[in-house]
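Chemist: When the letters of the sequence shown are read in order and numbered with the working numbering, they come out as residues 766 to 1159. Let me begin by handing over the structure; questions about it come next.
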Amino acid sequence: MLPRRGLPIAELAAVMAVIGAFGLSVGYTYPAVALNLEARGVSTVVIGTQAAVQGLGVLICAFMLPWLTATIGAWRLAAVALLGTAAVIAALGMTENLYVWAILRFLLGFGANALFVICEVWINVLAPNAQRGRIVGAYTTVISGMFALGPLLVPLVGFEGAYSFGSVAVIYLLLGLPLWRLRHSSPPVEHVPVGELPRVMLAIPVLLLSVFTFAFFDGAAFSLWAVYGMDRGLTELTTATTLSLLVIGNVVLQYPIGWLADRMNRRLLLAILAGVAFAGAVALPVLPLTHPATYLFLFVWGALAFGVYTLAVTLIGQHLTGARLVAANSAFGVMWGIGALLGPWAAGAAMTGLGGVGLPLTIAAAYGVLTVAALAMPPIRTALASLEKMDLDG
766 MLPRRGLPIA ELAAVMAVIG AFGLSVGYTY PAVALNLEAR GVSTVVIGTQ
816 AAVQGLGVLI CAFMLPWLTA TIGAWRLAAV ALLGTAAVIA ALGMTENLYV
866 WAILRFLLGF GANALFVICE VWINVLAPNA QRGRIVGAYT TVISGMFALG
916 PLLVPLVGFE GAYSFGSVAV IYLLLGLPLW RLRHSSPPVE HVPVGELPRV
966 MLAIPVLLLS VFTFAFFDGA AFSLWAVYGM DRGLTELTTA TTLSLLVIGN
1016 VVLQYPIGWL ADRMNRRLLL AILAGVAFAG AVALPVLPLT HPATYLFLFV
1066 WGALAFGVYT LAVTLIGQHL TGARLVAANS AFGVMWGIGA LLGPWAAGAA
1116 MTGLGGVGLP LTIAAAYGVL TVAALAMPPI RTALASLEKM DLDG
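What follows is the structure, encoded as structure tokens:
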């Protein structure tokens, strides 16, 4: 572990570079793979199934990660994940066999999630508690920004063949090179009992719900915003503009949210962010989407909706250490996967029955539940005290 004499700027920068590589590669591969399959005339059912296979890799990795981290070591596992996912991205350009692609996408989901979770643990291990909110805010800003830049690689390098996917694999590796700097500052790797993951999940339900809620919002909004915009009478350009505002606000405002998290009660801030996101979703159907004031609203609303995730990452670093921190981050991966799967499905079903208004109403429902939970459920420290008592009794 790294000594805590000062802020480990070089190590923090290295973690952010590695997570930036993750964000850029995921931001590229999702649209590139979809466009590739569509250009080959693959049915939407198969395209959706391929995406689900990648999600399955994420979920299985989340359950295996505490054991893998303890067995292999965090840095070695991160290095294997970085090299392995780069190889998988390159391999996507070397074959068009759909069965091979399904295997590759499973491995991509598994490896990318391993790198993602280890980086989250790293950032919390390295961040002093007094500055944790700002550091996590900067970290989530990097993820959001690089994820937004990823699709821009599609028109630059294309989405077919060895050149396209190979180029992205090389960029991914180059951005991930600072991982070498972290070889002597690994996150905790102590043994994690088989039952630790579900026990930790029971101790942090509000934080897990926060991750689920944002993933639900992210999956629903990014999958169906274009449909919602058209239903509201927007042009394709205006629809794209409004969606971009959600992303840009998210990138710009995470650090200020982290700054607030270092200066007030973090659980209260989580409830406030969830409540304002709920109110914004309720208000969305009556706002004129082409008005400049609505553009400002979307800029802020997207950031606040994402902010619940920033607070969740900050709070687990405040309350958990060691193997339980690894287990909690793995649980985050599980909830992210579930939320990202259910969001588009629930919002799509609501829009089928209610029209375009179904999208903001389902988002409002998700953030409404989170707001109530954040205000009503016991403090995290109380649940953790019960967990410690169970350890002593055992």
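The beta carbon of each residue, even a glycine, is placed where N, CA and C say it ideally should be.
By how many angstroms is the C-alpha of A782 removed from the C-alpha of A775?
Modeler: Between A775 and A782, the C-alpha separation is close to 10 Å.
Chemist: Quick check: what's the CA-CA separation for P893 versus V1099?
Modeler: 26 Å
Chemist: To the nearest angstrom, how far is the alpha carbon of T1127 from that of L1119?
Modeler: So the alpha carbons of these two residues sit roughly 11 Å apart.
Chemist: Please tell me whether L1054 and R964 are closer than 8 Å, where the distance is taken between their beta carbons.
Modeler: no
Chemist: Can we say the region 904-920 touches the region 840-848, given the rule of at least three CB pairs closer than 8 Å?
Modeler: no
Chemist: What's the gap between the Cα of I969 and the Cα of V886?
Modeler: 16 Å
Chemist: Relative to the C-alpha of A980, which candidate in A1141, L1049, P1109 has its C-alpha closest?
Modeler: P1109
Chemist: So what does DSSP say about E776, is it helix, strand or coil?
Modeler: helix
Chemist: Please classify P1057: does DSSP put it in a helix, a strand, or coil?
Modeler: Looking at P1057 - three-state DSSP - the assignment turns out to be helix.
Chemist: Under the rule that 16 or more other beta-carbon atoms within 10 Å means buried, what is S790, buried or exposed?
Modeler: Classification for S790: buried.
Chemist: Helix, strand or coil for T1079 per DSSP?
Modeler: helix
Chemist: Confirm, please, whether the CB-CB distance from L940 to G792 is below 8 Å.
Modeler: no
Chemist: Distance, Cα to Cα, G1104 vs F977?
Modeler: 5 Å
Chemist: In chain order, which alpha helix (DSSP H) runs of at least 4 residues are fully inside the region 853-903?
Modeler: 863-891
Chemist: Mind checking which residues open and close the alpha helix (DSSP H) that includes M995?
Modeler: 970-996
Chemist: Report the residue from L1033, M1029, M859, S932 whose alpha carbon sits nearest the alpha carbon of P1143.
Modeler: Nearest to P1143 by alpha-carbon distance, out of L1033, M1029, M859, S932, is L1033.
Chemist: Inspect the CB distances between the region 924-932 and the region 847-864 and report whether three or more fall short of 8 Å.
Modeler: yes
Chemist: Whole angstroms is fine: what's the gap from G898's alpha carbon to V1041's?
Modeler: 19 Å
Chemist: My guess is that N801 and E925 are in contact by the Cβ rule of under 8 Å, so how many angstroms apart are they, rounded?
Modeler: 6 Å
Chemist: Evaluate the contact criterion for the region 811-827 versus the region 867-878: three or more CB pairs, one atom per stretch, below 8 Å.
Modeler: yes
Chemist: Give me, in chain order, the residues of the same chain whose beta-carbon lies closer than 8 Å to that of L1025; leave out the 5 immediate sequence neighbours on both sides.
Modeler: G898, L1034
Chemist: Can you give the Cα-Cα distance for P773 and N1030, rounded to whole angstroms?
Modeler: 25 Å
Chemist: Measure from the alpha carbon of V1047 to the alpha carbon of each residue in F912, G902, W1066, T905, then state which is nearest.
Modeler: W1066
Chemist: For the region 789-833, which segments carrying the beta strand (DSSP E) assignment without a break, of at least 3 residues, lie completely within its bounds, in sequence order?
Modeler: none
Chemist: Specify the secondary structure class of I1145 as computed by DSSP and reduced to three states.
Modeler: Helix, per DSSP.
Chemist: Alpha carbon to alpha carbon, what distance is there between W945 and I1145?
Modeler: When rounded, the distance between both Cα atoms is 35 Å.
Chemist: Rounded to the nearest angstrom, how far is the Cβ of A879 from that of L938, given a contact under 8 Å?
Modeler: Contact flag wrong, Cβ pair sits at about 16 Å.
Chemist: Quick test of your reading: Q1019 and S950, contact by CB under 8 Å. State the CB separation rounded to the nearest angstrom.
Modeler: Not confirmed; about 24 Å, so no contact.
Chemist: Taking the alpha-carbon positions, what's the R870 to L1106 distance?
Modeler: 16 Å
Chemist: Under 6 Å Cβ to Cβ from A797, same chain only, skipping five residues before and after it: list those, please.
Modeler: Sequence-distant Cβ neighbours of A797 in its own chain, meaning closer than 6 Å and more than five residues away, are V919, F924.
Chemist: Comparing the C-beta of G923 with each C-beta of chain C, is any distance below 8 Å?
Modeler: The displayed structure is made up of one protein chain only, and chain C is not part of it.
Chemist: With burial defined as no fewer than 16 other Cβ atoms inside 10 Å of the residue's Cβ, what is the status of L1061: buried or exposed?
Modeler: Flag for L1061 reads exposed.
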